[in-house]
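**Student:** If you scroll down you'll find the structure; I have some questions about it.
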Amino acid sequence: MLGEKALELIKEMERSKDGKLPAYNDNCVRLVLEEMTALFQQNQDDVNATVAGEAQYYPGIRLRHASLERNKRCLLAYLYNRLERIRDLRWDFGNILPPEIRENLCDPEIEWFARYSKNLATYSRSLGEGSGLDLTHDIKPPKNIYVEVRCLKDYGEFEVEEGDVVVLQKNTTHYLPMSSCQHLIRLGVLQQVD
Amino acid sequence: MSPTLERHQTDLVDCMLDQINQMTENLKRCKKQDFRAAVHKMEIDRIRYVLSSYLRVRLEKIERYAHHLLEKDASVKDQSETVLSPEEASYAKEYVSSMESHFQKVVLQQMPEIIRGFDAVKECVRPNLESYIFLKVKEATPGVLLEDDTGDGRDEEVDLEEGSQYLMRYNTVKDLLQSGAVVFI
Numbered sequence: 094m095l096g097e098k099a100l101e102l103i104k105e106m107e108r109s110k111d112g113k114l115p116a117y118n119d120n121c122v123r124l125v126l127e128e129m130t131a132l133f134q135q136n137q138d139d140v141n142a143t144v145a146g147e148a149q150y151y152p153g154i155r156l157r158h159a160s161l162e163r164n165k166r167c168l169l170a171y172l173y174n175r176l177e178r179i180r181d182l183r184w185d186f187g188n189i190l191p192p193e194i195r196e197n198l199c200d201p202e203i204e205w206f207a208r209y210s211k212n213l214a215t216y217s218r219s220l221g222e223g224s225g226l227d228l229t230h231d232i233k234p235p236k237n238i239y240v241e242v243r244c245l246k247d248y249g250e251f252e253v254e255e256g257d258v259v260v261l262q263k264n265t266t267h268y269l270p271m272s273s274c275q276h277l278i279r280l281g282v283l284q285q286v287d
Numbered sequence: 026m027s028p029t030l031e032r033h034q035t036d037l038v039d040c041m042l043d044q045i046n047q048m049t050e051n052l053k054r055c056k057k058q059d060f061r062a063a064v065h066k067m068e069i070d071r072i073r074y075v076l077s078s079y080l081r082v083r084l085e086k087i088e089r090y091a092h093h094l095l096e097k098d099a100s101v102k103d104q105s106e107t108v109l110s111p112e113e114a115s116y117a118k119e120y121v122s123s124m125e126s127h128f129q130k131v132v133l134q135q136m137p138e139i140i141r142g143f144d145a146v147k148e149c150v151r152p153n154l155e156s157y158i159f160l161k162v163k164e165a166t167p168g169v170l171l172e173d174d175t176g177d178g179r180d181e182e183v184d185l186e187e188g189s190q191y192l193m194r195y196n197t198v199k200d201l202l203q204s205g206a207v208v209f210i
């Protein structure tokens, strides 16, 4: 059935909407591209025949062209959707991706992530005449200056804004200024205690 | 609030960032235990959050409608009428080019030649200018023409009184928004 593999890619993205980004399905993409090349080859033969005067191949040519267009659209949608998810990762995790996510991205996607990161950093720096404003901070409106947090993983020593050094060991609780630990809360190292 | 990107207001943004910086400087000079330091710090955090949020929403819209906005700005002759600030324009250009080169590299190069073309102009996402928005009237404007959706010809003319609030299509009040006669709620 024409276009089935491409639909599989789309279904994969749709099913994984709430969870992690699935691994780059290189195999499926390759199959779709092979299908397209095969269709195109068949079309070329038919076009040559039509030019020579036989008009009966025309509906077949149109069908194959339509399915080529559809495959292309599905592939681009798959790629675009993955890029959107990767972009959200940049806002969640910052510049460096954890290894378990990195292994799900193919090389061009990792390059794109680096380029996007750089673009965002350049823009952030250009705000406010040289001093810059990091837009990935302050995702939620500030409720309190200080917040009570519990450590979920062993992080080691951590220097707070005011200069005090805190040792972040697993299962310890600390009372820290919000701005210093925002990033760690997002990474999952600290957890806010309500 | 707006379905599309409004004009950039870099002066306001810069002004606020300056104020934040000044307040941070003042704080450093104060003693740490001073009660006022805590209050000022909250104020700074709040301002920074509002500013961040505004710029983040702008970036989101730029990323979503990048190609369309760049096209629109290219057709505007007067530099002060552009929707994107210079930094935003270069951000948008880089974003669009990184997307296109990614597509080219991963799939388009392997496709048969006739399909290889990627017409971004046709494929780009355009903002929905017909979406409804809440607005409040600042200056009384008589005679705003509301076009009828169903095409029955029941076009209405409405007088916008000062201080009243409406829910209307963005297209209808686009020019009034630009001039400042109505504002978003």
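Same order as they appear, the protein sequences are chains A and B.
Sequential numbering of the first sequence, starting at 94, is according to our numbering.
Sequential numbering of the second sequence, starting at 26, is according to our numbering.
We put the CB at the ideal spot given by N, CA and C, even for glycine.
Since the structure is predicted, the reported quantities are computational estimates derived from the model, not experimental observations.
Does the beta-carbon of B:Leu185 have 16 or more other beta-carbons within 10 angstroms, so that it is buried, or is it exposed?
**Tutor:** Numbered from 1 along the second sequence, position 160 holds the residue referred to as residue 185 of chain B. With 16 or more Cβ atoms within 10 Å of its Cβ, B:Leu185 is classed as buried.
**Student:** Are the CB atoms of A:Ser160 and A:Gly96 within a distance shorter than 7 Å?
**Tutor:** Position 3 of the first sequence, counting from 1, holds the residue named residue 96 of chain A. Position 67 of the first sequence, counting from 1, holds the residue named residue 160 of chain A. Contact: yes.
**Student:** What whole-angstrom Cβ distance do A:Val242 and A:Phe251 have, given they're in contact under 8 Å?
**Tutor:** Sequence index remark: in the first sequence, residue 242 of chain A carries index 149 (1-based). Sequence index remark: in the first sequence, residue 251 of chain A carries index 158 (1-based). Contact flag wrong, Cβ pair sits at about 11 Å.
**Student:** Would you identify the three-state DSSP class for B:Lys163, choosing helix, strand or coil?
**Tutor:** On the second sequence, residue 163 of chain B is found 138 positions in, with the first residue counted as 1. Coil.
**Student:** When we look at the beta-carbon of B:Val131 and count the other beta-carbons within 10 Å, is it buried (16 or more) or exposed?
**Tutor:** What you label residue 131 of chain B is simply residue 106 of the second sequence in a count that begins at 1. Result: buried.
**Student:** Just how far apart, CA to CA, sit A:Asn79 and A:Arg183?
**Tutor:** Residue 79 of chain A is absent from the model: chain A starts at 94 and stops at 287.
**Student:** For a quick check, are the C-beta atoms of B:Met48 and B:Ile69 less than 7 Å apart?
**Tutor:** Locating residue 48 of chain B in the second sequence gives position 23, counting from the first residue. Locating residue 69 of chain B in the second sequence gives position 44, counting from the first residue. Yes. Within cutoff.
**Student:** Going straight from the alpha carbon of A:Cys167 to that of A:Gln135, what length do you get?
**Tutor:** Within the first sequence, numbered from 1, the residue matching residue 167 of chain A stands at position 74. Within the first sequence, numbered from 1, the residue matching residue 135 of chain A stands at position 42. If you take the alpha carbons of A:Cys167 and A:Gln135, they lie about 21 Å apart.
**Student:** Looking at A:Leu114 and A:Arg178, is the spacing between their C-beta atoms short of 7 Å?
**Tutor:** For the purposes of this step, residue 178 of chain A is identified with residue 85 of the first sequence, where counting begins at 1. For the purposes of this step, residue 114 of chain A is identified with residue 21 of the first sequence, where counting begins at 1. Judged by beta-carbon spacing, A:Leu114 lies within the 7 Å limit of A:Arg178, meaning their Cβ atoms are closer than that value.
**Student:** Can you tell me whether B:Ile45 is buried or exposed, with buried defined as 16 or more other CB within 10 angstroms of its CB?
**Tutor:** By 1-based counting over the second sequence, the position of residue 45 of chain B is 20. That one is buried.
**Student:** By how many angstroms is the C-alpha of A:Leu220 removed from the C-alpha of B:Asp39?
**Tutor:** Position 14 of the second sequence holds residue 39 of chain B. Position 127 of the first sequence holds residue 220 of chain A. Each residue's alpha carbon lies about 7 Å from the other.
**Student:** Just by C-beta distance, which residues in the stretch 199–216 of chain A are closer than 7 Å to chain B?
**Tutor:** Shown in chain order are the members of the stretch 199–216 of chain A whose Cβ falls below 7 Å from a Cβ of chain B: Pro201, Trp205, Arg208, Tyr209, Asn212, Tyr216.
**Student:** Starting from the beta carbon of A:Val67, find every residue of chain B whose beta carbon is closer than 7 Å, and list them in chain order.
**Tutor:** No answer is possible for residue 67 of chain A: the residues shown for chain A start at 94 and end at 287.
**Student:** Less than 8 Å between the CB atoms is what I'm expecting for A:Met129 and B:Met136, so what's the real figure, rounded?
**Tutor:** In the first sequence, the residue the question calls residue 129 of chain A occupies position 36. In the second sequence, the residue the question calls residue 136 of chain B occupies position 111. Contact between A:Met129 and B:Met136 holds, since their C-beta atoms are separated by about 6 Å, short of 8 Å.
**Student:** Identify the residues that DSSP records as bridge partners of B:Val207: which are they?
**Tutor:** Residue mapping note: residue 207 of chain B aligns to position 182 of the second sequence, counting from 1. B:Val162.
**Student:** Evaluate B:Ile87 with the Cβ neighbour count: other Cβ atoms within 10 Å of its Cβ, from every protein chain shown; 16 or more gives buried, anything less gives exposed.
**Tutor:** Numbered from 1 along the second sequence, position 62 holds the residue referred to as residue 87 of chain B. Buried: at least 16 other Cβ atoms inside 10 Å.
**Student:** According to the Cβ coordinates, are B:Val162 and B:Val207 closer than 7 Å?
**Tutor:** Residue mapping note: residue 162 of chain B aligns to position 137 of the second sequence, counting from 1. Residue mapping note: residue 207 of chain B aligns to position 182 of the second sequence, counting from 1. It is a contact, given that the beta carbons lie within the stated cut-off.
**Student:** Counting only beta-carbon atoms, is B:Tyr157 nearer than 7 Å to chain A?
**Tutor:** Taking the first residue of the second sequence as position 1, residue 157 of chain B is located at position 132. No - not a single Cβ of chain A is within 7 Å of the one on B:Tyr157.
**Student:** Check each candidate in A:Phe186, A:Met106, A:Val125, A:Gly249 and name the one with the smallest Cα separation from A:Asn264.
**Tutor:** On the first sequence, position 171 is the one that residue 264 of chain A refers to. Looking at the Cα atoms, A:Gly249 is the closest of the given residues.
**Student:** Cβ of B:Glu119 within 7 Å of Cβ of A:Asn188?
**Tutor:** Your numbering for residue 119 of chain B matches position 94 in the second sequence. Your numbering for residue 188 of chain A matches position 95 in the first sequence. Taking 7 Å as the Cβ cut-off, B:Glu119 and A:Asn188 do not qualify as a contacting pair.
**Student:** Check A:Pro270 in the structure and name its three-state DSSP category.
**Tutor:** Taking the first residue of the first sequence as position 1, residue 270 of chain A is located at position 177. Three-state result, A:Pro270: strand.
**Student:** Any beta carbon from chain B within less than 7 Å of A:Ser219's own beta carbon?
**Tutor:** Your numbering for residue 219 of chain A matches position 126 in the first sequence. With 7 Å as the cut-off, A:Ser219 counts as an interface residue toward chain B.
**Student:** Have a look at B:Ser77 and A:Glu107 and give me their C-alpha separation to the nearest angstrom.
**Tutor:** Residue 77 of chain B sits at position 52 when you count from the first residue of the second sequence. Residue 107 of chain A sits at position 14 when you count from the first residue of the first sequence. Taking the straight line joining both Cα atoms gives about 31 Å.
**Student:** How big is the Cα-Cα spacing for A:Gln262 and A:Val253?
**Tutor:** The residue you call residue 262 of chain A lines up with position 169 of the first sequence. The residue you call residue 253 of chain A lines up with position 160 of the first sequence. If I take the Cα positions, the gap works out to 15 Å.
**Student:** Hey, quick one: how far does the alpha helix (DSSP H) through A:Arg178 stretch, first residue to last?
**Tutor:** The count along the first sequence starts at 1 and reaches residue 178 of chain A at position 85. Note, A:Arg178: alpha helix (DSSP H), 151–186.
**Student:** Please name the residue, chosen from B:Ala99, B:Val101, B:Glu113, that lies closest to B:Val82 on a Cα-to-Cα basis.
**Tutor:** Counting from 1 along the second sequence, the entry for residue 82 of chain B is found at position 57. B:Val82 has its Cα closest to that of B:Glu113, out of B:Ala99, B:Val101, B:Glu113.
**Student:** Take A:Tyr209 and list the residues in its own chain whose beta-carbon comes closer than 7 Å to its own, dropping the five residues that flank it on each side.
**Tutor:** Translated into positions along the first sequence, residue 209 of chain A becomes position 116. Arg180, Arg183.
**Student:** Considering only residues of the same chain and omitting the five flanking positions on each side of A:Gly153, which have a CB-CB separation below 7 Å?
**Tutor:** For the purposes of this step, residue 153 of chain A is taken as residue 60 along the first sequence, with counting starting at 1. For A:Gly153, where only same-chain residues beyond five positions count, the Cβ hits under 7 Å are Asp139.
**Student:** Return helix, strand or coil for A:Leu95, following the three-state DSSP convention.
**Tutor:** Working through the first sequence from its first residue, we reach residue 95 of chain A at position 2. In the three-state DSSP reduction, A:Leu95 falls in the coil class, being neither helix nor strand.
**Student:** In terms of DSSP beta bridges, what is A:Cys244 paired with?
**Tutor:** Start at 1 with the first residue of the first sequence, and residue 244 of chain A comes out as number 151. A:Leu283.
**Student:** What do you reckon, are the CB atoms on A:Tyr151 and A:Ala142 nearer than 7 Å?
**Tutor:** As a first step, residue 151 of chain A is located in the first sequence; it is residue number 58 there, counting from the start. As a first step, residue 142 of chain A is located in the first sequence; it is residue number 49 there, counting from the start. Not a contact, by the Cβ cut-off of 7 Å.
**Student:** So, at 8 Å on beta carbons, what are the nonlocal neighbours of B:Ser189 in its own chain, with the 5 sequence-adjacent residues on each side left out?
**Tutor:** What you label residue 189 of chain B is simply residue 164 of the second sequence in a count that begins at 1. Scanning its chain for C-beta atoms nearer than 8 Å, with the 5 sequence neighbours on each side dropped, one finds around B:Ser189 the residues Lys161, Val162, in chain order.
**Student:** With a threshold of 7 Å on Cβ separation, who are the neighbours of A:Tyr268 within its own chain once the five nearest residues in sequence on each side are excluded?
**Tutor:** In the first sequence, counting from the first residue as 1, residue 268 of chain A sits at position 175. Cβ within range, chain order: Tyr239, Glu241.
**Student:** Grab me the residues of B:Val64's own chain with a C-beta within less than 7 Å of its C-beta, minus the 5 sequence neighbours each way, in chain order.
**Tutor:** As a working note, residue 64 of chain B is residue 39 in the second sequence. Apart from sequence neighbours up to five positions away, no residue of its chain approaches B:Val64 with a beta-carbon distance below 7 Å.
**Student:** At a CB distance below 8 Å, what residues from the stretch 118–133 of chain A approach chain B? Give them in sequence order.
**Tutor:** Val122, Leu126, Met129, Thr130, Phe133
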